[in-house]
Every structure is written in structure tokens, then in C-alpha cells.
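Okay, structure first, notes after.
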Amino acid sequence: MTHENLRRSALAGLALLAAAGVPAFAQQGNSPAPPGGAPAQQEGLTPNADWHRTVDDALGKPGTEQPGGVWRVSLPRSDLRVTVDGVGIRPGFALGSWLAFHPHGQELMVMGDLVLLESEVAPVMRRLAAGGIEVTALHNHLLRAQPATMYLHVAGHGEAPRLAAALRAALQETATPLQGAPGPTGDERVEGVDTAAFARALGREGRVAGGVYGVSVPRAEPVRDGGMEVPTAMGSATVINLQGAGNGKGAITGDFVLTAEEVVPVQRALVEHGIEVTAIHNHMLNDQPRIFFMHFWGVDDPEKLGRGLRAALERTNSRRTG
7 MTHENLRRSA LAGLALLAAA GVPAFAQQGN SPAPPGGAPA QQEGLTPNAD
57 WHRTVDDALG KPGTEQPGGV WRVSLPRSDL RVTVDGVGIR PGFALGSWLA
107 FHPHGQELMV MGDLVLLESE VAPVMRRLAA GGIEVTALHN HLLRAQPATM
157 YLHVAGHGEA PRLAAALRAA LQETATPLQG APGPTGDERV EGVDTAAFAR
207 ALGREGRVAG GVYGVSVPRA EPVRDGGMEV PTAMGSATVI NLQGAGNGKG
257 AITGDFVLTA EEVVPVQRAL VEHGIEVTAI HNHMLNDQPR IFFMHFWGVD
307 DPEKLGRGLR AALERTNSRR TG
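In my numbering, the protein residues as written are 7 to 328.
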């Protein structure tokens, strides 16, 4: 059977499952291997050349190829109107659900982060459990958000159609838009914010997408989960986002990726520079080294914010620039 016929057959199966309201994992009785264990060795699990297309078609949203062979699907919550301390939060700033797929032996591995309203958490978790997708963390990233948002981290192993069907069933319990462009589009500048001054103070260059200036800072050492290296596009890099907050000020959020001994020094550096720590927690279950994620929030002059974030970065084993 050709790849195209295989794809059509898989999509037909997904349509039947969607019509029945049952994820593919529940139908086929297969659940992914635990992150710390060996992947299931079953026939037919080698990702074919069309697996990216299968994922996109099943989820209803196109992904993009990222470094390290990662296929990442961005699912910004553009349906939500969230404010923090009177600042309207852009979807790409702190409301960006995403799913990242990567070949792992004969299977695909998926990791992701779903942005949910509190009322969406329970139905989404039920769908994920029925579909054999693991929930590895549930927590806040922001404080004082109106409406309140929660962030649910997922992981799984398996065939592309099965993973995508289970995740699509969970997403359908939310109002997450499942159509449109691969990622943030529109404004290619951060309105009212001096991003050049921010970058100079931070000592790192970023890029603008959807009106948000984003900086990714990989760790110097590899991060692994269950023995498999986790590429930066799957959530192993420190993320810093900047958007406008009015009157020339910027708002910052994101998360530092830290080992245990770095948590307190980074926390103190942020607080000393007027940046609020909003959450400290895990995202993965079988990570090596043990990794903690520290989320932050601040509104101030962009250059001052950049200096504070740089002081915190200098207390981490982050990859150097240049």
C-alpha cells in the first residue's frame, strides 16, 4: 500500500473515531510506553515519510519543522481575552498552547503544553486519559490573570494517527482554534517598546512574531527525559517574552529552565531586580538532570527588565552567545 493510501486509511479511521467521540487509543487498546521505560516494539510503528502530514490533518492545524527534527504545532488561544494587572495578554506572549512531535525509535514522541480555562481542565484530562496521553504537570504560569488560566503539560508515545486523534479529542473539549496559519502572524514589531534596548541589556537577540519579542536560551548541557534528549523546541530552553504594556513600558513573562542548585540564586536575582516569580514547578517526570521551571512577570522600562533577566541568566548554566 502506498504512503498516500496509508494516509487516507488512517484519516478515514480518525473520522470514524471523531464521529463516535472516542479517541483512537481507546479503540485500539494501546497505550504509550511510560517515559522512563522502553517504547513498545510493535510492527508498523516506524514513522513513514508522511507522518507530518498525518499529524497536521488530524489536528486540523499545520505544524512547522524546528531544529532537531521536531515538528511543532502552535495552537495559540486567540479565542481568549486575558488581562493581568490591566495589561491585555497577546496569544503569543503567554497563551500559546503547543504540541511538539519527534521520532523516537519506531514511534513518535509528543510533548506539549495546553493553555486551559479552569472549566476546561477536567474534561481535557478525561479525554487524555482515555486516549493514553500522560499528564505530566498542571499549574499556573501567571498570577492575577482574568480569567484565570491553567497550563497542562502532556507526553506520549505511539503512531502519528493515534497520538493526533487522542490530542484532537482533548482539544475539542476547549475553544482552542484549530484552523489558520502555523503560528503567530500579523504585527512584526512590538508596538511602543524599545526591543533593541531590551536586547542589549539582556545580552541576547530574539525575534518578533505576533507583536511579541521572544528569546530562547538553551542550556549548555543536554536535557533528557526517559533517556531521550529533549530538543529545545520541545521545551528544554529558557523562554523570555516581551510585549508592550503602554507608556513605553514592556511586560515580560516566560520560564527559566533550572537545575535544583540554580533555583534559589535565580529567584533572588529576579526579586532583587523587581521581577515577580509567579511559579516554580516541574514539566517532565523522568528528566535528567532534574529540571525545574521558574515563571516570572514584570512591567517596567524594557532596558531595566533586560538587566534583571540578564542577572538571572548569569546564574544558570545557559549556552553562551558568540
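For every residue, glycine included, the Cβ atom is placed at its ideal position computed from N, Cα and C.
Asked	Found
Residues of its chain near I258, where Cβ-Cβ distance is below 6 Å and the 5 sequence neighbours each way are ignored	L248, G304, L311
Residues near E194 by beta carbon distance below 7 Å, same chain, minus five either side	V214
Integer Cβ distance of E140 from V160, believed to fall under 8 Å	7 Å
Continuous beta strand (DSSP E) assignments of at least 3 residues falling wholly in the segment 58–85	70–72, 76–82
Whether H108 touches A285 by CB criterion (8 Å)	no
Those runs of the alpha helix (DSSP H) which lie wholly inside the segment 220–275 and span at least 4 residues	none
Buried or exposed (CB count within 10 angstroms, at least 16 for buried), Q152	exposed
N-terminal and C-terminal residue of the alpha helix (DSSP H) that E211 is part of	First-last for E211: undefined, no H or E at that position.
Pairwise C-alpha distance: G252 and P45	Any reading at P45 is ruled out, since the residue's pLDDT is 38, under 50, leaving its predicted position unreliable.
Residues near D91 by beta carbon distance below 7 Å, same chain, minus five either side	R150, V305
Contact set for L86: own chain, Cβ-Cβ below 7 Å, skip 5 residues either direction	L101
Collapsed DSSP secondary structure at M7 in the structure displayed	Model confidence at M7 stands at a pLDDT of 43, short of 50, so the residue's coordinates are unreliable; what they give is reported in the following sentence. DSSP places M7 in coil when its eight states are reduced to three.
Paired residues, beta bridge with I286 - DSSP	M300
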